[in-house]
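Right, one structure below, let's go through it.
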Amino acid sequence: MTSDEGYAVLELSPGAPLSEVKQAYRELAKIWHPDLYPYDEALRARCEKTMQRINEAYEVLRREAPKSGPSSAAQAPSPASRPPSTEKVPAWDGRIRVREAGAEPPPPANAWKPFRRHVQDDRSDSAGLAQTFAAFTAAAAAMVSLFVIDNPTSTGYYLVVRTLVSGASLYGGYFALSRGYWESAAALAVLALFLNPIVPIPMSVEDWKLFNAACPVLLLFFWFHMYDRESSRG
Numbered sequence: 002m003t004s005d006e007g008y009a010v011l012e013l014s015p016g017a018p019l020s021e022v023k024q025a026y027r028e029l030a031k032i033w034h035p036d037l038y039p040y041d042e043a044l045r046a047r048c049e050k051t052m053q054r055i056n057e058a059y060e061v062l063r064r065e066a067p068k069s070g071p072s073s074a075a076q077a078p079s080p081a082s083r084p085p086s087t088e089k090v091p092a093w094d095g096r097i098r099v100r101e102a103g104a105e106p107p108p109p110a111n112a113w114k115p116f117r118r119h120v121q122d123d124r125s126d127s128a129g130l131a132q133t134f135a136a137f138t139a140a141a142a143a144m145v146s147l148f149v150i151d152n153p154t155s156t157g158y159y160l161v162v163r164t165l166v167s168g169a170s171l172y173g174g175y176f177a178l179s180r181g182y183w184e185s186a187a188a189l190a191v192l193a194l195f196l197n198p199i200v201p202i203p204m205s206v207e208d209w210k211l212f213n214a215a216c217p218v219l220l221l222f223f224w225f226h227m228y229d230r231e232s233s234r235g
């Protein structure tokens, strides 16, 4: 790339000093940097190419542009003499820097979507781990409460505990399945089926106490297994 081409890419008049080159580079990077719009893959790919040309132009002019010189405003041609731009300028929508006109707006950054994740396979899903840990903690607390309540044979208590534990197991199984941990997903699905409140499997009070003491340890084991797998993703 020649210096004249570099000036054209940075939308400067030829001979502009290095200070104006740096300022133009910063202003264009605020518009065309790919990280500013992660939800539009087509626009991201297009702007990666544009940003690559901007970087090339800056590297050329950083070496060749004069350290100081007359203001480019005095040298800039009048708007009437400039050729019309063929570049389609992205629109500002208040939430991301740029996006194509008519493109679907991205979801709010703080939206809680338990059945839709935007985490790459090579990145750790810390939010999913935290949600799964909260679900398992609630289930474990419900099971441990058996040892402090007055009437452990209450049908209502059985129903509440079975609902909480089976729901937490299903959510943990969903998280494991979405991240590719098939063995954990299968085991949690079996646990949810075993504890389902619709067709309950009968157990004596002693069996129920034994199960309620062992199940929190089992849930903790599954969570640490998934945590270990997630940590290896970086």
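Per the working numbering, the very first residue in the sequence shown carries number 2; after that it's consecutive. We put the CB at the ideal spot given by N, CA and C, even for glycine. Treat the numbers as computed from the prediction; the structure is a model and nothing was measured.
Less than 8 Å separating the beta-carbons of residue i and residue j?
i           : j           : result
residue 137 : residue 188 : no
residue 213 : residue 144 : yes
residue 163 : residue 201 : yes
residue 13  : residue 29  : no
residue 193 : residue 167 : yes
residue 18  : residue 68  : yes
residue 48  : residue 35  : yes
residue 165 : residue 210 : no
residue 20  : residue 61  : no
Less than 8 Å between the CB atoms is what I'm expecting for residue i and residue j, so what's the real figure, rounded?
i           : j           : result
residue 124 : residue 45  : About 17 Å separates the two Cβ atoms, so there is no contact after all.
residue 58  : residue 2   : 6 Å
residue 133 : residue 159 : The Cβ separation is near 24 Å, so there is no contact.
residue 169 : residue 190 : With 8 Å as the limit, residue 169 and residue 190 do not qualify as a contact, their Cβ atoms being about 12 Å apart.
Take the Cβ of residue i as the centre, count every other Cβ of all protein chains shown within 10 Å, and call the residue buried at 16 or more, exposed below.
i           : result
residue 7   : buried
residue 129 : buried
residue 93  : Confidence is the limiting factor: at residue 93 the pLDDT is only 46, short of 50, which leaves the residue's position unreliable, though a coordinate-based value still follows. Result: exposed.
residue 186 : buried
residue 41  : buried
residue 183 : exposed
residue 180 : buried
residue 135 : exposed
residue 204 : exposed
residue 22  : buried
residue 72  : In this prediction, residue 72 scores a pLDDT of 47, lower than 50, which makes its location untrustworthy; no coordinate-derived value is stated.
residue 131 : exposed
residue 55  : buried
residue 95  : Caution applies to residue 95, whose pLDDT of 45 falls short of 50 and renders its modelled position unreliable; the value that the coordinates give is listed next. Result: exposed.
residue 25  : buried
residue 215 : exposed
residue 208 : exposed
residue 80  : Note that residue 80 scores 49 on pLDDT, short of 50, meaning its location in the model is unreliable and no value can be drawn from it.
residue 225 : exposed
residue 177 : buried
residue 113 : Reliability fails at residue 113, whose pLDDT of 49 lies under 50, so the model's placement of it is uncertain and the value that follows must be treated cautiously. It counts as exposed.
residue 174 : buried
Can you find a CB in chain D that lies within less than 8 Å of the CB of residue i?
i           : result
residue 212 : Going by chain labels, chain D is absent from the structure shown, which holds only one protein chain.
With a floor of 4 residues, list each alpha helix (DSSP H) that falls wholly inside the segment 6 to 78, ordered by position along the chain. 19 to 33, 42 to 65, 73 to 76
Segments assigned alpha helix (DSSP H), at least 4 residues, entirely inside the segment 158 to 207: 183 to 195
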